[in-house]
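Visitor: Mind having a look at this structure? Questions to follow.
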Amino acid sequence: MRFSWRLALAGLGLAYLVWRGLTADLYGLDILMVAVVFGMYASAVDLAWGYAGILLLGSALFFGIGAYGAGFALDRGWEPLLVYPLAMACASLLAVVIGFVGFRRGASQVHFGLIGLALSLVFERIAVSEADITGGSNGLIGLPRPVLAGVVDLSNSVDLYTAVVVVVVVVVVALYLLQASAWGDAVRAVRMDERKAASLGYDVLAIKLQVIGLVAAVIALAGALFTSVNGTAYPALFGIVVNMQALVWVALGGAGTLLGPLLVATALKLTESYLSDAALDYYQLLLGLAFVVVVVALPAGLGGVPRIARKHAALLLDRRARKADPARLGGRR
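Offset between the sequence shown (1-based) and the working numbering: plus 634.
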């Protein structure tokens, strides 16, 4: 998509969020908050996969760390403004350690992804087994809404909605500006050809570690916001479903677009929230089929539709021009 398309879609999305914030009931605001939080999660995964070519099979590892970090803070009365950044830092540090060990040893993208996936499943089992700390299989439930610095009370859904939307918008805009900067060019260079990028003076390992460290921090922030809205943190947040959903959102929305995964994740989460348990089973099946169709027919995802449309429109116009001007065909009539 060209920047004009992205700007138009971003404007429409922001206008929708403002409109819903003014018109939705409290339950509707809670659902929308969870949806946009997962949208930010999808955009972060897209930065790693779509721009850097790093497949995060275990992204839920960082989401769960953020969720439980926020859960501990809310359950025990710790200051969120201190604990949330600490959880983000822990997730980022863990991602950098995994990346350093993996990429330094020459691990492939798939191997790196499998390491993250294995660790996320290990953390899920730990969250279940350490019931005295984590609440076991039920997790931490009935958590209060955050109060920042003992002054800013976000227990009201409208106030929390405003804070969540502002954070999501700021983070996604920051990710967009980063990928459009010289640093983003270096990231894309590493994705396209690591050896050539290294020959041009780029520190390939450092760039990869920067990407996964940043992405892990953003995903952990998404996890913390999820717990702040939902009032719960549970082991399944580390699980395979959350891991795979993120990849589906990026594939459907279009890897390397940021906005596409954000919109798709938000829309799909909103749809899920209003389905019954019986309908949800069929919905997951349809979503899986849609994923297969998009991967086969639209490798660039839904975000690549405008580019494909422009390409076909240009071909059609060129054919019409050739028919109207036989001289373009070499003078044959």
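Every residue, glycine too, gets a C-beta built ideally from N, C-alpha and C. These numbers were taken from a predicted model, which means no experiment stands behind them.
Please state whether the Cβ-Cβ distance between L715 and A783 is less than 8 Å.
Guide: The answer is yes: Cβ separation under 8 Å.
Visitor: If I measure Cβ to Cβ from S726 and keep anything under 6 Å in the same chain, skipping five residues before and after, which residues do I get?
Guide: Only G847, A850, A851 meet the Cβ criterion.
Visitor: Using CA atoms only, rank isn't needed, just tell me which of Y810, Q844, A808, V807 is closest to V824.
Guide: Residue Q844 is the option with its Cα nearest to V824.
Visitor: I need the straight-line Cα distance from F672 to D766, nearest angstrom please.
Guide: Distance between the alpha carbons of F672 and D766 is about 28 Å.
Visitor: What is the DSSP secondary structure of V785, reduced to helix, strand or coil?
Guide: V785: coil per DSSP, three-state reduction.
Visitor: Can you give me the Cβ contacts of N772 inside the same chain, cut-off strictly under 8 Å, excluding the 5 residues immediately before and after it?
Guide: Within the same chain, N772 has close Cβ partners Y868.
Visitor: Go ahead and pull the three-state DSSP assignment for L774.
Guide: Looking at L774 - three-state DSSP - the assignment turns out to be strand.
Visitor: Going by Cα to Cα distance, which pick from L643, P778, S791, G700 is closest to L666?
Guide: With distances taken between Cα atoms, L666 lies closest to S791.
Visitor: Roughly how far, in whole angstroms, is the beta-carbon of G684 from the beta-carbon of V884, given that I think they are within contact range, below 8 Å?
Guide: G684 to V884, Cβ: 6 Å. Contact.
Visitor: With a 10 Å radius around its C-beta and 16 neighbouring C-beta atoms as the bar for buried, classify K830 as buried or exposed.
Guide: Its Cβ having fewer than 16 others within 10 Å, K830 is exposed.
Visitor: Quick check on DSSP: helix, strand or coil for A867?
Guide: Looking at A867 - three-state DSSP - the assignment turns out to be strand.
Visitor: Can you tell me whether DSSP reads S815 as helix, strand or coil?
Guide: Here S815 sits in coil by DSSP.
Visitor: On the premise that I853 lies in contact with G700, defined as a C-beta separation below 8 Å, what is that separation, rounded to the nearest angstrom?
Guide: At roughly 7 Å, the Cβ-Cβ gap stays under 8 Å, so G700 and I853 are in contact.
Visitor: Taking only the alpha-carbon atoms, compute the straight-line gap between Y706 and M878 and give it to the nearest angstrom.
Guide: The sequence as given places Phe at residue 706; Tyr does not occur at that position. Going by the C-alpha atoms only, they are around 26 Å apart.
Visitor: Starting from the C-beta of T900, find all residues in its chain whose C-beta is less than 6 Å away, skip the five residues before and the five after it, and write them out in chain order.
Guide: Here the set comprises A669, V670, G673.
Visitor: Can you find the residues in the same chain that come closer than 6 Å, C-beta to C-beta, to A678, ignoring five residues on each side of it along the sequence?
Guide: Around A678: V849, V852, I853.
Visitor: Classify M635 as buried or exposed, calling it buried when 16 or more other Cβ atoms lie within 10 Å of its own Cβ.
Guide: Low local confidence applies: a pLDDT of 42 at M635 is under 50, so the model's placement there is unreliable, with the coordinate-based value given in what follows. So M635 counts as buried.
Visitor: Can you give the beta carbon distance from L897 to L643, rounded, assuming they're within the 8 Å contact cut?
Guide: Sure, about 7 Å apart at Cβ, within 8 Å.
Visitor: State the start and end residues of the unbroken alpha helix (DSSP H) segment that holds T768.
Guide: 765-768 is the span of the alpha helix (DSSP H), which, as asked, contains T768.
Visitor: In this structure, does DSSP put D664 in helix, strand or coil?
Guide: D664 falls in the helix class under three-state DSSP.
Visitor: Check this for me: beta carbons of V781 and L774, under 8 Å apart or not?
Guide: No, the Cβ-Cβ distance between V781 and L774 is not below 8 Å.
Visitor: Please name the residue, chosen from L755, Y908, I732, that lies closest to H745 on a Cα-to-Cα basis.
Guide: Of L755, Y908, I732, the residue nearest in Cα terms is I732.
Visitor: Assuming A704 and Y718 form a contact by the criterion Cβ under 8 Å, report the distance between their Cβ atoms to the nearest whole angstrom.
Guide: A704 to Y718, Cβ: 6 Å. Contact.
Visitor: Do G736 and G692 come within 8 Å of each other at the CB atom, strictly closer than that value?
Guide: No, the Cβ-Cβ distance between G692 and G736 is not below 8 Å.
Visitor: Is L855 near the ligand ZN - that is, is its Cβ less than 7 Å away from at least one heavy atom of it?
Guide: You won't find the ligand ZN in this model; it holds no ligand whatsoever.
Visitor: Y917 to L811, Cα distance in whole Å?
Guide: For Y917 and L811, the distance between alpha carbons rounds to 35 Å.
Visitor: Quick one, which of L695, A721, G776 has its alpha-carbon nearest A752's?
Guide: Of the listed residues, the one whose Cα sits closest to A752 is L695.
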